[in-house]
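Beneath this line is the structure, given in structure tokens, with notes to follow.
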Amino acid sequence: MTMLAEARNLSIDFGPLRAVSDVSIAIAAGETVGLVGESGSGKTTLGKALIGLYPPATGEVALAGRSLDRAARRDRLWRGRTAQLMFQDPLSSLSPRLTLRSLLAEPGRIHGLETKAYWARVKHLLAAMAIPESLLGKYPHQVSGGQVRRVAIARALALEPRFVVADEPTAGLDVSVQGDLLNLLAELQSRLGLTYLVVSHNLNVVRKITGRVAVMYLGEIVEEGPTRALFARPAHPYTAALLSANPQVDPGRRREKIVLEGEIPSPLKPPSGCRFHTRCPKAEARCRAEHPEATDLGEGRRVRCHFPLA
Ligand code: SF4
């Protein structure tokens, strides 16, 4: 299987803060993988690192078979055609001084793409997202937040990148538009063979569109596996707690409600042993002393826990 994006023993530091700690993950071409966890778990940082936006403190990242060393990270043209980030906050990523038409034209111009074919793609994307062409003469602040968001998505996808990191793709959108957007992402995936990493705290969205999911806590991947199996039988107590706090993910299933005690510890000073032990309802003495290794549970599942549930 060809791996499109891969991190091996990756750590990302921001000064004294280790935001991502010794993470290994491999995403195959054509897959849709979810990355879930609370705010501050490191999921957005990992997503951005996988497309070369942060240099590793340790370990390495490869994209489309090319190691993302310094030269590859600086090769913006290649990176732009290979991977794109769908921003959580599109307004901050779009110049307020350009019209929507200019904003949409920019990636094609920068990458030297043939104008006619490029605009045909942009127009298809806009039509699919119900953005009338009459809006293209306006500036970002003159249209609604949902419309800006959809223009930003069209801009990211117009280059037809192979790998897309979608950071909270449906946040702030009406439920009806959310459904349209998820359908559009699925359509583009089957038409273009796209590969997605969907970074989201919305487990409902993740359950709907991903085939595999990784769960992050305090900079580590604590569990990963096929979405259906992992949501049906979580192996890590943290995953079980996340799912029990979101009964709408699977309304037919009765789950024991797990309330997490205590605050999320500071990532500047993560707990010794298992990082989750200060909040884990199953914690034992060993958990405080010994950092659990990732254990293979078979069927593509891995968990970082001394006493897995599944
Ligand atoms: Fe809980 Fe211990 Fe497993 Fe950590 S290793 S998740 S503290 S049971």
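So the mapping is simple: this note's numbering equals the position in the sequence shown, first residue as 1, plus 448.
Yeah, the Cβ is synthetic: ideal placement off N, Cα and C, and Gly gets one too.
Nothing here was measured: the structure is a model prediction, and the numbers come from that model.
| query | How many angstroms separate the CA atom of residue 758 from the CA atom of residue 681? | reply | On the sequence shown, position 310 is the one that residue 758 refers to. On the sequence shown, position 233 is the one that residue 681 refers to. Taking the straight line from one Cα to the other gives about 6 angstroms.
Handout entry: DSSP state of residue 511 mapped onto helix, strand, coil
Key = Counted from its first residue, the sequence shown places residue 511 at position 63. Strand.
*Which value, in whole angstroms, describes the spacing of the CA atoms of residue 466 and residue 460?*
Locating residue 466 in the sequence shown gives position 18, where the first residue counts as 1. Locating residue 460 in the sequence shown gives position 12, where the first residue counts as 1. Roughly 6 angstroms separates the two Cα atoms.
### Query
From what residue to what residue does the beta strand (DSSP E) around residue 704 run?
Reading the sequence shown from its first residue, position 256 is the one you call residue 704. No beta strand (DSSP E) contains residue 704, which DSSP labels as neither H nor E.
Task: Of the listed residues 724, 574, 509 and 715, nearest to residue 709 (C-alpha basis) - done: Looking up residue 709 in the sequence shown gives position 261. Out of 724, 574, 509 and 715, 724 has the C-alpha closest to the C-alpha of residue 709.
Just to confirm my understanding: we take residue 604, look at its own chain, exclude 5 residues before and 5 after, and list those with CB closer than 6 angstroms. What are they? For the purposes of this step, residue 604 is identified with residue 156 of the sequence shown, where counting begins at 1. The beta carbon of residue 604 is closer than 6 angstroms to those of 532 and 534 in its chain, skipping five residues each way along the sequence.
- Message: Quick check on DSSP: helix, strand or coil for residue 588?
- Response: Within the sequence shown, residue 588 is the residue found at index 140, counting from 1. Correct three-state label for residue 588: helix.
Worksheet item: Between residue 489 and residue 637, what straight-line distance do the alpha-carbon atoms span, to the nearest angstrom?
Response: Counting from one through the sequence shown, the residue named residue 489 turns up at place 41. Counting from one through the sequence shown, the residue named residue 637 turns up at place 189. In a straight line, the C-alpha of residue 489 is about 27 angstroms away from that of residue 637.
message: With H, G and I counted as helix, E and B as strand and the rest as coil, what does DSSP make of residue 674?
response: Taking the first residue of the sequence shown as 1, we reach residue 674 at position 226. Of the three classes helix, strand and coil, the one that applies to residue 674 here is strand, per DSSP.
message = I believe residue 579 touches residue 598 by the beta-carbon criterion, under 8 angstroms. Please report the beta-carbon distance rounded to the nearest angstrom.
response = As a first step, residue 579 must be located in the sequence shown, where it is residue number 131. As a first step, residue 598 must be located in the sequence shown, where it is residue number 150. Yes, residue 579 and residue 598 are in contact; Cβ-Cβ is about 5 angstroms, under 8 angstroms.
Pull up the distance between the alpha-carbon of residue 602 and that of residue 623, whole angstroms please. The sequence position of residue 602 within the sequence shown is 154, counting from 1. The sequence position of residue 623 within the sequence shown is 175, counting from 1. Taking the straight line joining both Cα atoms gives about 19 angstroms.
Item checked: residue 495 versus residue 514 - alpha carbon distance -> Position 47 of the sequence shown, counting from 1, holds the residue named residue 495. Position 66 of the sequence shown, counting from 1, holds the residue named residue 514. The alpha-carbon atoms of residue 495 and residue 514 are separated by roughly 17 angstroms.
Would you mind listing the beta strand (DSSP E) stretches within the stretch 458-504 that are 3+ residues and don't spill past its ends, in chain order? 465-476 and 480-484
* Can you give the Cα-Cα distance for residue 640 and residue 487, rounded to whole angstroms? -> As a position in the sequence shown, residue 640 is number 192, starting the count at 1. As a position in the sequence shown, residue 487 is number 39, starting the count at 1. Using only the alpha carbons, I get a separation of about 31 angstroms.
How would you label residue 626, buried or exposed, when you count the other beta carbons within 10 angstroms and need 16 or more for buried?
Numbered from its first residue, the sequence shown carries residue 626 at position 178. That one is buried.
Reference residue 657; option with closest CA among 705, 721, 616 and 692: Residue mapping note: residue 657 aligns to position 209 of the sequence shown, counting from 1. Taking only the C-alpha atoms, the option nearest residue 657 is 616.
CA-to-CA distance, residue 570 to residue 455, given in whole angstroms: Within the sequence shown, numbered from 1, the residue matching residue 455 stands at position 7. Within the sequence shown, numbered from 1, the residue matching residue 570 stands at position 122. Between residue 455 and residue 570, the C-alpha separation is close to 32 angstroms.
Check: Is residue 568 near ligand 1, going by C-beta to nearest heavy atom under 7 angstroms?
Finding: Working through the sequence shown from its first residue, we reach residue 568 at position 120. The answer is no for residue 568.
### Task
Leaving aside the five residues before and after residue 744 along the sequence, list all residues of the same chain whose C-beta is less than 8 angstroms from its C-beta, in chain order.
Along the sequence shown, one-based indexing puts residue 744 at 296. Only 750 meet the Cβ criterion.
- prompt: When we look at the beta-carbon of residue 741 and count the other beta-carbons within 10 Å, is it buried (16 or more) or exposed?
  reply: Position 293 of the sequence shown, counted from the start, is the residue given in the question as residue 741. Looking at its Cβ environment, which holds fewer than 16 other Cβ atoms inside 10 Å, residue 741 is exposed.
Excluding sequence positions up to five away, which residues of its chain have a Cβ less than 7 angstroms from the Cβ of residue 716? Against the sequence shown, residue 716 aligns to sequence position 268. Correct list, in chain order: 464 and 465.
Query - Contact shell at 5 angstroms, judged by CB to any heavy atom of ligand 1, ordered along the chain - result: 685, 722, 724, 725, 728, 730, 731, 735, 740, 753, 754 and 755
Check residue 558 in the structure and name its three-state DSSP category. As a first step, residue 558 is located in the sequence shown; it is residue number 110 there, counting from the start. In this structure, residue 558 counts as helix in the three-state DSSP scheme.
For my contact list, residue 458 and residue 507 are in at a C-beta cut-off of 8 angstroms; report their separation, rounded to the angstrom.
The residue labelled residue 458 in the question sits at position 10 within the sequence shown. The residue labelled residue 507 in the question sits at position 59 within the sequence shown. Indeed, because the Cβ distance is near 4 angstroms, the residues count as touching under 8 angstroms.
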